[in-house]
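Numbering (this note's numbering), first residue to last: 284 to 591.
Glycine included, every Cβ here is placed at the ideal spot set by N, Cα and C.
In what follows, a single structure is set out as structure tokens and then discussed.
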Ligand SMILES: NC(=O)C1=CN([C@@H]2O[C@H](COP(=O)(O)OP(=O)(O)OC[C@H]3O[C@@H](n4cnc5c(N)ncnc54)[C@H](O)[C@@H]3O)[C@@H](O)[C@H]2O)C=CC1
Ligand SMILES: O=C1O[C@@H]([C@H](O)CO)[C@H](O)[C@H]1O
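See the structure below:
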């Protein structure tokens, strides 16, 4: 079977760290061209814009988008208009309205679309979901705390409107929670701590619930230094489930559980391959809706300026 000829837009940190290695490790894909405004990608044809790639570049079947969320909507629309399948990094767009429009446009074009909530593919997630399916949940505590200087060095876009600030990693925790929990979540209250020189929060506390009043709390911190923490603890009548290291580790009542050996991005691209083969799509809006609702109801607290 011919490999899926892939173009990639935005050869930045995550494309270099995760996407290109995952693509190169999967024989179902062939990376044939990159469009980027930064350093070029070795071994493939490089272009300065998606338009130039589509017009003058090699034939592609699909495009992976690794640009910042601001401006991504127009880029994905360009690919859809050219009949390409699309894999879109999280968050899918800078606004909920744009993401909703992409869902509709993918359906209208009859191509495959994936909103790549990469944390949903962490090794412990499916085993956690299976265990929780028959349990009685009492509460959920999310602690997602990392060092923005490590993961987004020099990336001004993350602090600008549409860049989400701490919700850029925090949305990963919300993507896991919305995948594990049976009912939709509602944001009851949020406190957004915004540096004086930024447009998006550096920390946030969020209180959520589902229709059965499950108590879900999240603490996000983007300036957490070296002792980073990506954990979700779910207290049930039958015991305590805990995901650590972003979902890579799973324990139940303190006992470490067997998890998948496949990495997040290998699983993301295997899922995308399956969607293309099945002429299907997977474009969940729930994580982005929770972020939007946190901004709607969130109280703002000004904090000291942030300097990279
Ligand atoms: N940095 C990280 O650890 C992770 C980032 N992500 C997500 O991946 C996305 C990108 O993040 P990073 O790679 O960290 O950002 P980055 O700033 O390192 O890379 C963005 C790249 O897009 C390029 N670009 C921007 N506009 C473009 C355009 N119109 N046409 C072509 N290229 C364009 C830039 O030149 C840059 O190379 C974000 O949505 C982020 O949430 C996901 C997982 C982890
Ligand atoms: O999606 C993302 O993951 C984090 C980091 O790479 C791991 O937690 C990053 O801040 C965010 O863009």
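Give me the Cβ distance between residue i and residue j, rounded to the nearest whole Å; I'm assuming they're in contact under 8 Å.
i           : j           : result
residue 373 : residue 346 : That belief does not hold up - the Cβ atoms of residue 373 and residue 346 are roughly 16 Å apart, past 8 Å.
residue 333 : residue 314 : Wrong, their Cβ atoms sit about 15 Å apart, outside the cutoff.
residue 477 : residue 586 : 7 Å
residue 487 : residue 474 : 7 Å
residue 436 : residue 591 : 7 Å
residue 291 : residue 317 : 5 Å
So what's residue i in DSSP terms, helix, strand or just coil?
i           : result
residue 576 : helix
residue 440 : helix
residue 483 : coil
residue 497 : coil
residue 308 : coil
residue 343 : coil
residue 367 : coil
residue 396 : strand
residue 318 : strand
residue 569 : helix
residue 413 : helix
residue 353 : coil
residue 543 : coil
residue 561 : coil
residue 451 : helix
residue 426 : strand
Provide the residue(s) that pair with residue i in DSSP beta bridges, ordered along the chain.
i           : result
residue 582 : 474
residue 535 : 524, 538
residue 420 : 519
residue 285 : For residue 285, which the question treats as bridged, DSSP gives no partner whatsoever.
residue 492 : 469, 498
residue 372 : 399
residue 329 : 317
residue 291 : 317, 347
Ordered along the chain, which non-local residues of its own chain (more than five positions away) have a Cβ less than 8 Å from that of residue i?
i           : result
residue 574 : 374, 447, 450, 453, 454, 457
residue 407 : 526, 530, 531, 532, 533, 540, 542, 543
residue 353 : 377, 440, 443, 444, 445, 446
residue 389 : 363, 369, 395, 396, 564, 566
Closer than 7 Å by C-beta to residue i: which residues in its own chain qualify, once you throw out the five before and the five after it? Chain order, please.
i           : result
residue 558 : 395, 397, 564, 565
residue 310 : 286
residue 426 : 502, 512, 514
Which residues in the same chain as residue i place their Cβ atom closer than 6 Å to its Cβ, once the five residues preceding and following it in sequence are excluded?
i           : result
residue 506 : 485
residue 547 : 401, 404, 405
residue 464 : none
residue 483 : 442, 446, 447, 448
Does ligand 4 have even one heavy atom less than 7 Å from the beta-carbon of residue i?
i           : result
residue 546 : In the structure on display, ligand 4 does not appear, and the ligands it does have are ligand 1 and ligand 2.
*So, do the region 519-530 and the region 484-497 have three or more beta carbon pairs nearer to each other than 8 Å?*
no
_Contact between the region 321-332 and the region 410-420 is defined here as three or more beta-carbon pairs at a separation below 8 Å; is this criterion met?_
With the cut-off at 8 Å, the region 321-332 and the region 410-420 do not touch.
_Segment contact flag, the region 494-505 with the region 421-434, C-beta cutoff 8 Å, min 3 pairs_ = yes
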